[in-house]
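Notes follow the structure.
Take a look at the structure:
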């Protein structure tokens, strides 16, 4: 019912502190309007006592595929967008959090491109 992409592997130049799975989710949306969800350090990361990110073990992007909703041409389109994003991976910038809630930050965090 879903396909998961490894954001850490696909965007290996990005450090985990720049949320590669979220950067991949954003790139998929910008490139082809593909909506997905980050399941990684934005969702599950925590901070240590000094405020340093303790990353999630995985940096995944989940693409839900409900049964009997999409045609083969829809799936082909998504695959083409994923390949195009992968071809452009060196140009994809990481992200940094500029505002976050103390709990469930992945729903409302405000982010910007990391320098």
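Numbering (this note's numbering), first residue to last: 1203 to 1317. All C-beta atoms in this analysis are idealised placements derived from N, C-alpha and C, irrespective of residue type, glycine included.
- With fewer than 16 other beta carbons inside 10 angstroms of its own, residue 1252 counts as exposed.
- The region 1282-1298 makes no contact with the region 1245-1260; the number of CB pairs closer than 8 Å stays below 3.
- Its chain contains 1209, 1210, 1213, 1216, 1261 as the residues whose beta carbon lies nearer than 6 Å to that of residue 1222, once the 5 sequence neighbours on both sides are disregarded; these appear in chain order.
- Residue range 1297-1301 is occupied by the beta strand (DSSP E) that includes residue 1299.
- Per DSSP, the unbroken beta strand (DSSP E) holding residue 1266 starts and ends at 1262-1266.
- In the three-state scheme derived from DSSP, where H, G and I count as helix and E and B as strand, residue 1293 is classed as helix.
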